[in-house]
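The structure under discussion appears below in the form of structure tokens.
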Amino acid sequence: METARSIHHVGLAVDDLDGALETYATLFGATLEHRSRVEEQGVDAASIRVGESRLELLGALGEDTPVGRFLATRGPGMHHVAYEVDDIRAALADLVDAGAQLIDETPRRGIFGLEVAFVHPDSVHGVLSEVVASA
Ligand code: CO
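Numbering follows our numbering, in which position 92 of the sequence shown is assigned residue number 103; successive positions increment by one, without gaps.
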């Protein structure tokens, strides 16, 4: 089993990215790491650091996008948990062997350029989960 090294980030769906960035800076001293608008994924996203930890804030570029649909049905809040692994292909093979349902059978390029793959929430007690290759 490819053991996760750490939690890489927690992803949060937000209805106001600028407002959320201000809130996290004010309340928790978060600092901006990256900000990226990715048209093909329909997201306006930011990664922020809180000490050594990281949050990924996900705003929707439209209602008919994955994050837009999430916001419409669930509202703003926790979206996914991402685990950092050394070998993402080995991790995906192990997840399949363990019976997990993958959303991404093979790694793809994530919002901030890292290789990522998502695991279906039905396999993780309702939590959409992501594996991220160590940079
Ligand atoms: Co993520």
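Where is the CB? At the ideal position from N, CA and C, for every residue including glycine.
First and last residue of the beta strand (DSSP E) that includes F39?
-> Position 28 of the sequence shown, counted from the first residue, corresponds to residue 39. Note, F39: premise wrong, no beta strand (DSSP E); alpha helix (DSSP H) at 28–39.
Could you tell me if the beta carbon of V107 falls within a distance shorter than 8 Å of some heavy atom in the ligand CO?
-> Sequence index remark: in the sequence shown, residue 107 carries index 96 (1-based). Incorrect: V107 has no Cβ contact closer than 8 Å to the ligand CO.
Simplified DSSP assignment, three categories, for E63 | On the sequence shown, position 52 is the one that residue 63 refers to. Here E63 sits in coil by DSSP.
Could you name the residues, in chain order, whose CB is less than 6 Å away from a heavy atom belonging to the ligand CO?
-> H20, G22, E67, H91, A93, E141
Quick one: what's D105 bridged to in DSSP?
-> Sequence index remark: in the sequence shown, residue 105 carries index 94 (1-based). Per DSSP, none; premise fails for D105.
When the Cα atoms are used, what is the spatial distance from V96 to D105?
-> Start at 1 with the first residue of the sequence shown, and residue 96 comes out as number 85. Start at 1 with the first residue of the sequence shown, and residue 105 comes out as number 94. Between V96 and D105, the C-alpha separation is close to 12 Å.
Using the C-alpha atoms, what's the distance from G137 back to T51?
-> In the sequence shown, residue 51 corresponds to position 40, counting from 1. In the sequence shown, residue 137 corresponds to position 126, counting from 1. The sequence shown places Glu at residue 51, not Thr. So the alpha carbons of these two residues sit roughly 26 Å apart.
So, are the CB atoms of E44 and R65 less than 9 Å apart?
-> As a working mapping, residue 44 is identified with position 33 in the sequence shown. As a working mapping, residue 65 is identified with position 54 in the sequence shown. In contact: E44 and R65 (Cβ atoms closer than 9 Å).
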